[in-house]
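What follows is a short report on a single structure.
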Ligand code: ADP
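Residue numbers (the numbering used here): 56 to 552.
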């Protein structure tokens with residue numbers, strides 16, 4: 056199959072979170088399964104520092120937006136990890152040559168509607184100009200949710216694009232691309248689509264809703280999250296729309312890029328290790344303590360949290376339970392950025408406990424690797440978690456996760472119970488209710504298990520043995536693409552790629 060991916064971030068060109076990681080790995084996994092893959096992405100400022108060569112194609116494509124024509128200059132780069140996969144980078148410096156991807160200093164860019172309407176339209180105009188003739192187009196999140204809408208409307212009869220199967224993946228339903236109705240003109244769609252069954256959402260425009268309504272298949276990133284988003288508690292007011300489309304919705308777990316996240320080869324670490332050579336992990340722990348200027352205390356565990364400091368990630372639960380956490384005597388390191396009030400509160404906790412707690416405010420990928428490798432227990436009290444990658448990285452790095460049993464955390468961590476411990480299948484600890492006491496109780500169980508060296512080793516190894524590669528998920532996507540794919544062959548009139 057010829058598969059075209061449309062997204063707003065992909066490692067190594069641009070990343071703010073899990074979406075970037077997924078898009079850096081999924082196309083390569085599908086190529087490995089025998090398919091032709093390409094990807095369209097904005098050329099953000101961060102792409103210049105990706106370490107991958109970017110080359111101009113000389114192609115300039117006119118993209119109709121809001122009744123005028125805007126220019127997309129097409130650049131190309133190899134998709135890392137593929138033989139022939141190409142990333143087509145859409146350059147428009149006025150829109151994308153900025154410090155952030157979606158905003159700066161906690162605020163969104165005011166012209167995000169324009170930026171991502173342009174991207175969605177550019178995906179299709181660039182695909183047409185290059186003659187890509189995809190059989191399946193796979194869009195991701197609200198930023199490219201208009202792609203399936205356009206394919207079913209404006210491009211329906213296009214010889215190279217019309218009839219392509221469309222898949223929309225929701226990586227996080229909390230982000231929906233909602234804009235005021237005065238932006239409607241930008242979309243280039245007839246007003247008749249501005250209705251409650253398509254793109255209108257409480258008198259505003261909801262790009263994600265348009266994608267949900269028009270895509271041939273909708274996926275999200277774990278089976279549990281696929282069920283949860285059909286309920287008001289997790290549905291962010293789109294649960295009704297999703298229930299109408301539930302027969303087209305499925306959950307496919309994310310894999311991880313197991314070349315980048317491999318403790319036996321990771322260049323960021325002080326020492327390498329694997330399930331049979333865990334002494335390297337002990338060295339990483341000592342190195343991390345030195346790096347953080349924390350006392351070297353092999354008799355106490357090191358706990359960590361890496362992620363966005365937002366309510367989604369349960370940072371309020373962490374703060375509420377912080378005194379209890381400190382009373383356990385464990386050392387704690389937090390790396391992240393997010394809500395200013397959470398950043399402040401965490402920094403203040405670190406100041407209060409200088410020999411026990413470190414809070415690092417910032418986005419630092421190498422450091423995230425060193426924290427995953429050097430800590431004993433990883434904390435993930437997320438209130439909701441579509442899939443979550445950090446628990447997967449943790450398990451691979453022999454760091455036992457303590458998680459709220461929700462979404463992908465429920466689907467990937469096997470909680471310790473008498474049965475799973477006996478069977479040797481347990482890989483972490485989980486709590487059911489998002490409350491600080493429940494979180495601390497699960498943490499207490501983890502700390503008790505940590506003091507039993509043999510038991511702990513079994514937990515660590517069971518996590519390290521988990522197959523979190525893309526192989527299984529790629530097979531699931533392939534099956535899904537097969538259901539919607541347009542027949543092979545370039546349609547008459549379409550130029551070859
Ligand atoms: P989400 O996409 O909801 O933010 P995920 O767990 O799916 O959460 O993915 C988060 C990704 O972003 C992981 O690769 C994680 O290591 C990374 N990450 C998040 N915050 C930071 C940070 N402050 N520094 C380095 N990496 C971070």
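Glycine included, every Cβ here is placed at the ideal spot set by N, Cα and C.
Please read all numbers here as calculations on a predicted model, not as lab measurements.
Residue environment, residue i, which counts as buried when at least 16 other CB atoms sit within 10 Å
i	result
residue 345	exposed
residue 535	buried
residue 287	exposed
residue 318	buried
residue 357	buried
residue 275	buried
residue 257	exposed
residue 362	buried
residue 97	buried
residue 547	Low confidence applies here, because residue 547 scores a pLDDT of 45, under 50, leaving its location unreliable and the question unanswered by this model.
residue 551	With a pLDDT of only 46 at residue 551, under the threshold of 50, the placement of this residue in the model should not be trusted, and no figure is reported.
residue 65	buried
residue 250	exposed
residue 420	exposed
residue 411	buried
residue 396	exposed
residue 543	exposed
residue 246	exposed
Residue closest to residue i, alpha-carbon to alpha-carbon, out of the options
i	options	result
residue 301	508, 289 and 285	285
residue 126	109, 134, 140 and 144	144
residue 518	148, 445 and 209	445
residue 170	249, 543, 499 and 262	262
residue 335	172, 511 and 453	453
residue 216	500, 180 and 196	180
residue 231	255, 237, 222 and 248	255
residue 540	190, 282 and 101	190
residue 383	398, 408 and 156	408
residue 486	479, 478, 477 and 496	496
residue 115	147, 99 and 134	147
residue 110	165, 413 and 128	128
residue 183	524, 219 and 481	219
residue 304	378, 282, 273 and 89	273
Boundaries (first-last residue) of the alpha helix (DSSP H) holding residue i
i	result
residue 532	526-539
residue 459	Here residue 459 belongs to no alpha helix (DSSP H); instead the beta strand (DSSP E) covers 455-459.
residue 494	491-505
residue 465	462-467
residue 239	239-242
residue 370	370-375
residue 426	420-429
residue 553	Outside the displayed span of the chain (56 to 552) sits residue 553, for which this structure offers no information.
residue 449	445-451
Any non-hydrogen atom of the ligand COA within 7 Å of residue i CB
i	result
residue 442	Ligands displayed in this structure: the ligand ADP; the ligand COA is not among them.
Those residues which DSSP pairs with residue i across a bridge
i	result
residue 60	94 and 193
residue 158	163
residue 363	392
residue 339	Answer by DSSP bridge pairing: none, since residue 339 is not bridged.
residue 124	119
residue 198	BP columns for residue 198 are empty, so no partner.
residue 276	DSSP lists no partner for residue 276.
residue 65	69
residue 437	According to DSSP, which records beta bridges pairwise, residue 437 is partnered with nothing at all.
The ligand ADP heavy atom lying under 7 Å from the CB of residue i
i	result
residue 419	yes
residue 468	no
residue 363	yes
residue 76	yes
residue 156	no
residue 423	yes
residue 373	no
residue 228	no
residue 274	no
residue 72	yes
residue 391	yes
residue 543	no
residue 445	yes
Segment limits, beta strand (DSSP E) that includes residue i
i	result
residue 141	141-146
residue 105	Element bounds for residue 105: n/a, residue is neither H nor E.
residue 486	484-486
residue 415	412-416
residue 224	220-225
residue 308	No beta strand (DSSP E) holds residue 308; DSSP gives it neither H nor E.
Minimum Cβ-Cβ distance from residue i to chain C less than 8 Å
i	result
residue 194	Protein chain content of the structure displayed is limited to a single chain, and chain C is not contained in it.
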